[in-house]
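Heads up, our numbering is the position in the sequence shown plus 66, with the first residue counted as 1.
Beta carbons: idealized from backbone N, C-alpha and C, even for Gly.
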Amino acid sequence: MIRYWEKWNGFEADAMRVIVDDFNASQDEIFVEYSSVSQIDRRLMLSIAGGIPPDVAGLWNYVLPVYAENNALTPLNRYTEAAGIKRDDYISVYWDMCTHRDYVWALPSTPSSTALIYNKKLFREAGLDPEQPPRSIAELEAYNEKLMKRDEDGRLITCGHIPAEPGWWNALWGYWFGGELWDGKQSITITSPANTAAYEWVASYPERFGARDLMSFKDGFGNFASPQNPFFTGRVAMVMQGPWIYNFIQNYAPADFEWGVAPFPSVDPERFPNVTVVEADILVIPAGAKHPEEAFVFIQYVNSQAPMEKLCLGQRKFSPLRETSADFFTQHPNPYIREFHDLAQSPNARPVPSTTVWTLYANEMNQAFGRIWTQTSSPTEALSDVQTRMQESFDHRARRWDRMENTLLTEWEKP
67 MIRYWEKWNG FEADAMRVIV DDFNASQDEI FVEYSSVSQI DRRLMLSIAG
117 GIPPDVAGLW NYVLPVYAEN NALTPLNRYT EAAGIKRDDY ISVYWDMCTH
167 RDYVWALPST PSSTALIYNK KLFREAGLDP EQPPRSIAEL EAYNEKLMKR
217 DEDGRLITCG HIPAEPGWWN ALWGYWFGGE LWDGKQSITI TSPANTAAYE
267 WVASYPERFG ARDLMSFKDG FGNFASPQNP FFTGRVAMVM QGPWIYNFIQ
317 NYAPADFEWG VAPFPSVDPE RFPNVTVVEA DILVIPAGAK HPEEAFVFIQ
367 YVNSQAPMEK LCLGQRKFSP LRETSADFFT QHPNPYIREF HDLAQSPNAR
417 PVPSTTVWTL YANEMNQAFG RIWTQTSSPT EALSDVQTRM QESFDHRARR
467 WDRMENTLLT EWEKP
């Protein structure tokens, strides 16, 4: 028996449970005991430290560098090589986010990408063509002007788009301006001209609409997972979201809700087309797992075409595999799933930086975004502060890697 801990609950957990049941029924040598575990990142690290980890665990791609550099995962290179699993089998960005320091640490389960999601009814009411969403940041702002409404007292009641809604991408807006968050090696690059331009665009919102008006407007929003979501109530006409938005529209939006999907506009769609943020759920074998060979057999099963497509259909996502069966898209309930799939294959598909300081970096950027949004700091000041603090943190982690590199590489090379 192998133990498998997963972070999902609800229908996502149910979708994986079907795959586990199929695997268990397909053979009689390995039985997978499947558990949905809350706070999995914390509990998994504690179980590894205590020497009692599960054999398989489901994590988020952005935590992988921390686990790898804390020697908390089993390298998968010898397993993938023996099984003939390679980068070409996947949409490349999902394979790459499963690697760190030139080692393979995970294989993906369900992936995502982001896009512009827009309300076609509000477009028509504003005199906009619902089949022609904005392609550039300049067009986005022109649409914003037409979609914005105020009441008789001048209070905002509808906006086209605001970068603070829902506030999940505060650290990443530079991607749509050609920016990068680091150089991939040793330097934080948040103060680059492209990133600065992105947050000057963010700063233009409180300048144009009024910081207090925007805060009051946003204070009236309901919870994301509710019928009071401002996108579903028509208070915001355009948002950036991933394929999961389909599930929320089905559960919470009005029955006649009309929506569309397009690449989120970039500052220059000719130079930076089809920019998207990509993420993935991943499957890992924790360090100290009692049955790593059997664990990889299960992970390999999930990553074969039929089970992977069944899992992704159950979770309403697309497959991370390069090959997709002919009827996957026709069976899929999300009418726009192909758009998300195609965006993931864009050369401008961007994951978060593969670094141990990412969580801290994101927190720093959330604070900087708040200062810019409330006009308590200029973009240059806020980003400069992040640059200084994050470079110090990055340098500290780099020195730790320099001290530990030989020891860790020796450990990772063990058969």
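Rounded to a whole number of angstroms, what is the C-alpha to C-alpha distance between residue 98 and residue 391?
To locate residue 98, count along the sequence shown from 1; it is residue 32. To locate residue 391, count along the sequence shown from 1; it is residue 325. Looking at the two C-alpha atoms, the distance is approximately 27 Å.
Distance check for residue 466 and residue 459, CA to CA, integer angstroms please.
Working through the sequence shown from its first residue, we reach residue 459 at position 393. Working through the sequence shown from its first residue, we reach residue 466 at position 400. Rounded to whole angstroms, residue 459 to residue 466 spans 11 Å at the Cα level.
My parser needs the beta strand (DSSP E) runs of 3 or more residues fully inside the region 278-349; what are they?
Within the region 278-349, the complete beta strand (DSSP E) runs of at least 3 residues are 304-307 and 325-328.
Closer than 8 Å is the cut-off here; do at least three beta carbon pairs connect the region 184-197 with the region 400-419?
The region 184-197, when compared against the region 400-419, does not touch it at the 8 Å Cβ threshold.
Would you identify the three-state DSSP class for residue 267, choosing helix, strand or coil?
Position 201 of the sequence shown holds residue 267. DSSP places residue 267 in helix when its eight states are reduced to three.
Using 8 Å for Cβ pairs, my map puts residue 117 next to residue 326. What's the rounded Cβ distance?
Residue 117 sits at position 51 when you count from the first residue of the sequence shown. Residue 326 sits at position 260 when you count from the first residue of the sequence shown. Rounded, the Cβ-Cβ distance is 52 Å, inconsistent with contact.
Less than 7 Å separating the beta-carbons of residue 345 and residue 136?
Stepping through the sequence shown from its first residue, residue 345 is reached at position 279. Stepping through the sequence shown from its first residue, residue 136 is reached at position 70. No, these two residues do not count as a Cβ contact at 7 Å.
Under 8 Å by Cβ, that's how I've got residue 364 and residue 96 pegged, so tell me the actual separation to the nearest angstrom.
Here residue 364 refers to the residue found at position 298 of the sequence shown. Here residue 96 refers to the residue found at position 30 of the sequence shown. Their Cβ separation, rounded to whole angstroms, is 7 Å, which keeps residue 364 and residue 96 in contact under 8 Å.
Does residue 224 pass the burial test, meaning 16 or more other C-beta atoms within 10 Å, or should it be called exposed?
For the purposes of this step, residue 224 is taken as residue 158 along the sequence shown, with counting starting at 1. Classification of residue 224: buried, given that the 10 Å Cβ count is 16 or more.
Tell whether a beta-carbon distance below 7 Å holds between residue 473 and residue 131.
Against the sequence shown, residue 473 aligns to sequence position 407. Against the sequence shown, residue 131 aligns to sequence position 65. Not a contact, by the Cβ cut-off of 7 Å.
Kindly confirm or deny that the region 448-463 and the region 372-382 touch, where touching means at least three C-beta pairs closer than 8 Å.
Segments in contact, no.
Are the region 300-314 and the region 269-277 touching, with three or more C-beta to C-beta distances below 8 Å?
The region 300-314, when compared against the region 269-277, does not touch it at the 8 Å Cβ threshold.
Rounded to whole angstroms, what's the CA-CA distance from residue 134 to residue 416? Just pull it up for me.
Within the sequence shown, the letter at position 68 stands for residue 134. Within the sequence shown, the letter at position 350 stands for residue 416. Computed Cα separation, rounded: 21 Å.
Taking C-beta to C-beta, are residue 413 and residue 201 nearer than 7 Å?
Counted from its first residue, the sequence shown places residue 413 at position 347. Counted from its first residue, the sequence shown places residue 201 at position 135. For residue 413 and residue 201, no; Cβs fall outside 7 Å.
Given 6 Å as the limit, tell me if residue 418 has its C-beta closer than that to any heavy atom belonging to the ligand SAH.
Among the components of this structure there are no ligands whatsoever, and the ligand SAH is therefore not found.
For residue 331 and residue 91, I'd like the C-alpha separation in whole angstroms.
Mapped onto the sequence shown, residue 331 falls at position 265. Mapped onto the sequence shown, residue 91 falls at position 25. Rounded to the nearest angstrom, the two C-alpha atoms are 46 Å apart.
Between residue 235 and residue 247, what straight-line distance do the alpha-carbon atoms span, to the nearest angstrom?
As a first step, residue 235 is located in the sequence shown; it is residue number 169 there, counting from the start. As a first step, residue 247 is located in the sequence shown; it is residue number 181 there, counting from the start. Distance between the alpha carbons of residue 235 and residue 247 is about 13 Å.
Drop a sphere of 10 angstroms on the beta-carbon of residue 112, count the other beta-carbons inside from all chains shown, and report buried for 16 or more, exposed for fewer.
Residue 112 sits at position 46 when you count from the first residue of the sequence shown. When all chains shown are included, residue 112 counts as exposed.
Between which two residues does the beta strand (DSSP E) harbouring residue 178 extend?
Taking the sequence shown and counting its residues from 1, one reaches residue 178 at position 112. From DSSP, the beta strand (DSSP E) with residue 178 extends over 172-179.
Do the region 99-106 and the region 67-76 meet, that is, are 3 or more Cβ pairs less than 8 Å apart?
Result yes; three or more Cβ-Cβ pairs closer than 8 Å.
Mapping DSSP to helix, strand and coil, what is residue 216?
As a first step, residue 216 must be located in the sequence shown, where it is residue number 150. The answer is strand: DSSP assigns residue 216 an E or B state.
Please classify residue 407: does DSSP put it in a helix, a strand, or coil?
Along the sequence shown, one-based indexing puts residue 407 at 341. Residue state, collapsed to three classes: helix.
Could you name each continuous alpha helix (DSSP H) segment of 4 residues or more that falls completely within the region 344-429, going from the start of the chain to the end?
Here the runs fully enclosed are 358-368, 371-380, 394-397 and 403-410.
Can you give me the start and stop residues for the alpha helix (DSSP H) that residue 134 sits inside?
On the sequence shown, position 68 is the one that residue 134 refers to. It spans 130-135 - the alpha helix (DSSP H) in which residue 134 sits, taken as one unbroken run.
Can we say the region 138-145 touches the region 161-170, given the rule of at least three CB pairs closer than 8 Å?
Yes: the two stretches touch, three or more of their Cβ pairs being nearer than 8 Å.
Run through DSSP, which three-state label would residue 103 get?
For the purposes of this step, residue 103 is identified with residue 37 of the sequence shown, where counting begins at 1. The answer is coil: DSSP assigns residue 103 none of H, G, I, E or B.
Given a threshold of 16 other Cβ atoms within 10 Å of its Cβ, counted over all protein chains shown, does residue 475 qualify as buried or as exposed?
As a first step, residue 475 is located in the sequence shown; it is residue number 409 there, counting from the start. Exposed, since its Cβ has fewer than 16 Cβ neighbours within 10 Å.
If we ignore side chains and look at the alpha-carbon of each, how far apart do residue 79 and residue 85 end up?
Sequence index remark: in the sequence shown, residue 79 carries index 13 (1-based). Sequence index remark: in the sequence shown, residue 85 carries index 19 (1-based). Spanning the two alpha carbons is a distance of roughly 10 Å.
Are the beta-carbon atoms belonging to residue 445 and residue 146 less than 7 Å from one another?
Counting from one through the sequence shown, the residue named residue 445 turns up at place 379. Counting from one through the sequence shown, the residue named residue 146 turns up at place 80. Contact: no.
Who are the Cβ neighbours of residue 434 in its own chain at under 6 Å, not counting the five residues just before and after it?
To locate residue 434, count along the sequence shown from 1; it is residue 368. Result list for residue 434: 448 and 452, in chain order.
Rounded to whole angstroms, what is the Cα-Cα separation between residue 210 and residue 226?
Residue numbering aside, residue 210 sits at position 144 when the sequence shown is read from its first letter. Residue numbering aside, residue 226 sits at position 160 when the sequence shown is read from its first letter. Taking the straight line from one Cα to the other gives about 4 Å.
Could you round the C-beta distance between residue 357 and residue 151 to whole angstroms and report it? I think they count as a contact, below 8 Å.
Mapped onto the sequence shown, residue 357 falls at position 291. Mapped onto the sequence shown, residue 151 falls at position 85. That pair is no contact at about 19 Å.
Kindly indicate which three-state DSSP category residue 450 falls into: helix, strand or coil?
Stepping through the sequence shown from its first residue, residue 450 is reached at position 384. Here residue 450 sits in helix by DSSP.
Within a Cβ cutoff of 6 Å, which residues of the same chain sit near residue 294, ignoring the five residues on either side of it in sequence?
Within the sequence shown, numbered from 1, the residue matching residue 294 stands at position 228. 288.
Kindly indicate the opening and closing residues of the beta strand (DSSP E) around residue 85.
Position 19 of the sequence shown, counted from the first residue, corresponds to residue 85. No beta strand (DSSP E) contains residue 85, which is instead part of the alpha helix (DSSP H) from 76-92.
Residue 167 bridges to which residues according to DSSP?
On the sequence shown, residue 167 is found 101 positions in, with the first residue counted as 1. DSSP lists no partner for residue 167.
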